[in-house]
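Numbering follows UniProt numbering, in which position 169 of the sequence shown is assigned residue number 169; successive positions increment by one, without gaps. Cβ coordinates follow ideal geometry from the N, Cα and C atoms, glycine included. Down below is the structure, laid out as structure tokens.
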Amino acid sequence: MKKIVSFFFLLLFTLVFSSVSAQIIRGPYLQSVSPNQGIIRWRTEQATDSRVIYGESPNKLTKLVGLKQAVVDHEVIISGLKPNKKYYYTIGDHKTMEAASEKRYILTAPKLGSTQAVRIWALGDFGSGSKNQLEVKDAIVKYTKDHRPDAWIWLGDNAYSKGLDEEYQKKVFPIYQDEFFQNLNLYPAPGNHDYAGKHDPSEPPYFKIFSMPVQGELGGIPSGNESYYSVNYGQVHLVSIDSELMEPSGLQVMDGKGAQFEWLEKDLAANKLPWTIVYFHKPPYSKGSHDSDTEKDMVKMRQNVNPLFEKYKVDIVMAGHSHVYERTHPLRGHYGINATFDATKHIVENTTAPNQYAVGKDGQGVIYIVNGSGGQLGGQRDGYPLKSAIYSNNKIGGSMILDITKTKLEAVWLGSDGEIHDQFSITKK
């Protein structure tokens, strides 16, 4: 009898846990995390209902939320949460749940206006499946071991080479799943490779895989369009725009008109937080694997959108596309080609020491960063490095960490070798 009972429980254990491990084929991953709610998404091999059990300890998961509809792509909203608090969770269906883990949690965003320090990880052009991608990731894992990022921003070209669902499945989710997807708040932007050469957002998998906060639920002006949105995270206003989207009128944001451009201006004008970071894919300045002197979209971005960044005193504009790292001086009024750059006219900065900037009430120029070597790497065009750049690197890959308080922003570019190759700070009174 004892043997029969033991066999029964062994069989039950095997059925339950092998079923779960076979069913979950993507995720879980976090989306649209705010001070009071978050979205948990995952994919199963077979269609099932959706259940999330969560609580304030991995050993005490007491609250249940779920959806009865059988689906393979699961999307569950957890609401009624407290700001800046860690909630552990597990996922499954009405039959089985995965085991709880200390690595699986939502850390809600700080309360709006909170002076709490925030750490942001910025990664671009990464989903290539390359050795460089793995090394860049490993360097960040080691660097942030004792101080985890609070938010993760993507700069586009997230999955090569066409942004197909299977490319995300192979080159993105498994690489970042254990360390980041299941517990890090993600706010992405798309690139040209995520569109598979098409400008219609109804087709690319990017828009089916991710859930963007388009109703202003995370702060900022509602966009009503999953291509672009904004997020208030502590003292930082994050703005994700889409340099690929072509509107029905044929306009793109770099044309300096159209729905996205008009939303961008309204959003920047309404922002009251001390720090503003705008991020997207195609940069206004680069001499890496792409040339901002000759490529039309980059030229128009510089000519038509940079004045908007200056008008509303954006602190940092970050992009990818060019598979290098480039950081400019704080710039204002430089809308021409590389050869027209004049340091006496276009650099607007107040430095207290090398790479340390102090911003008064009148602001300073905008710092433009190309951070596009998170997976892809290398390249240079005629004129490299940029005349306006204070630092460039096309030899090793890397990504950025930004630590931000109410009065200070500190940024480092961490190479795939684990070394800090560039760093700067901005102080505000």
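With distances taken between CB atoms, is the gap from G415 to I396 smaller than 8 angstroms?
G415 is a Cβ neighbour of I396, given a cutoff of 8 angstroms.
Interface flag, F210 vs chain B, CB-CB below 8 angstroms:
Structure shown: chain B not included; a single protein chain is present.
Use the C-beta contact count for V118: other C-beta atoms within 10 angstroms, 16 or more gives buried, fewer gives exposed.
buried
With a threshold of 16 other CB atoms inside 10 Å of the CB of T44, please say whether the residue is buried or exposed.
buried
Is the beta carbon of N158 less than 8 angstroms from the beta carbon of P188?
Cβ distance < 8 angstroms, so N158 and P188 count as in contact.
Rounded to whole angstroms, what's the CA-CA distance from G398 to G320? Just pull it up for me.
12 angstroms
If you follow the beta strand (DSSP E) that P330 is part of, which residue opens it and which one closes it?
No beta strand (DSSP E) holds P330; DSSP gives it neither H nor E.
Residues bridged to R104 by DSSP?
DSSP, once it has assigned bridges, lists no residue as partnering R104.
Touching or not, the region 400-411 and the region 334-345, by the rule of three or more beta carbon pairs under 8 angstroms?
no
Less than 8 angstroms between the beta carbons of Y143 and I401, yes or no?
One thing to note: Y143 has its Cβ within 8 angstroms of the Cβ of I401.
When you measure from the CB of S128 to every non-hydrogen atom of the ligand ADP, does any distance come out below 7 angstroms?
This structure does not include the ligand ADP; it has no bound ligands of any sort.
With DSSP as the reference, label H237 as helix, strand or coil.
It is a strand residue.
Going straight from the alpha carbon of V239 to that of V253, what length do you get?
V239 and V253 have their alpha carbons spaced roughly 13 angstroms apart.
Apart from the five residues just before and just after E179, which ones in its own chain have a Cβ nearer than 7 angstroms to its Cβ?
V141
Let me check understanding here. Comparing Cα to Cα, which of R332, V324, G163, D315 lies closest to D422?
V324
Rounded to a whole number of angstroms, what is the C-alpha to C-alpha distance between A358 and V366?
13 angstroms
For a quick check, are the C-beta atoms of S289 and G379 less than 8 angstroms apart?
Contact flag set, yes.
Which residues mark the beginning and the end of the alpha helix (DSSP H) in which Q169 is found?
Unbroken alpha helix (DSSP H) run through Q169: 165-171.
Hey, quick one: how far does the alpha helix (DSSP H) through D73 stretch, first residue to last?
In the DSSP assignment, D73 falls outside any alpha helix (DSSP H) and within the unbroken beta strand (DSSP E) covering 63-78.
Excluding the 5 residues preceding and the 5 following N59 in the sequence, name in chain order all residues of the same chain whose CB lies nearer than 8 angstroms to its CB.
A100
Is it true that the region 295-304 meets the region 267-278, where meeting means three or more beta-carbon pairs spaced less than 8 angstroms apart?
no
Using the rule of at least 16 other Cβ atoms within 10 Å of the residue's Cβ for burial, across every protein chain shown, is T328 buried or exposed?
buried
If I measure Cβ to Cβ from F181 and keep anything under 8 angstroms in the same chain, skipping five residues before and after, which residues do I get?
G27, P28, Y29, L30, F173
Taking the C-alpha atoms as reference points, what is the distance between Q260 and D362?
27 angstroms
Confirm, please, whether the CB-CB distance from G220 to H237 is below 8 angstroms.
yes
Let's test the definition: count the other Cβ atoms within 10 Å of the Cβ of T108 and tell me whether it reaches 16, buried, or not, exposed.
Under this definition T108 is a buried residue.
Using a Cβ-Cβ cutoff of less than 7 angstroms, which residues in the same chain neighbour I77 once the five nearest sequence positions on both sides are dropped?
Taking C-beta separations shorter than 7 angstroms and ignoring five residues to either side along the sequence, the partners of I77 in its chain run Q37, I39, following chain order.
Inter-residue spacing [alpha-carbon to alpha-carbon] between A411 and A70:
44 angstroms
Nearest CA to the CA of G333: which residue from P354, G360, V305, T352?
V305
CA nearest to the CA of P354, picked from T344, P330, H346
P330
Please go through the region 111-157 and give each complete beta strand (DSSP E) segment of 3 or more residues, from N-terminal end onward.
Entirely contained in the region 111-157, the beta strand (DSSP E) runs reaching 3 residues are, in chain order, 118-123, 151-154.
Cβ-based burial, K95 [other Cβ within 10 Å; buried from 16]
exposed
Which residue comes first and which comes last in the alpha helix (DSSP H) that contains L268?
Run containing L268: 259-270, per the alpha helix (DSSP H) assignment.
Please classify M318: does DSSP put it in a helix, a strand, or coil?
strand
Return the chain-ordered list of same chain residues with a C-beta closer than 6 angstroms to the C-beta of N185, the five sequence neighbours on each side being excluded.
If we look at N185 and ignore the five residues flanking it on each side, its Cβ neighbours are L30, V33, A151.
Going by C-alpha distance, which of Y87, Q46, K63, I153 is nearest N183?
Y87
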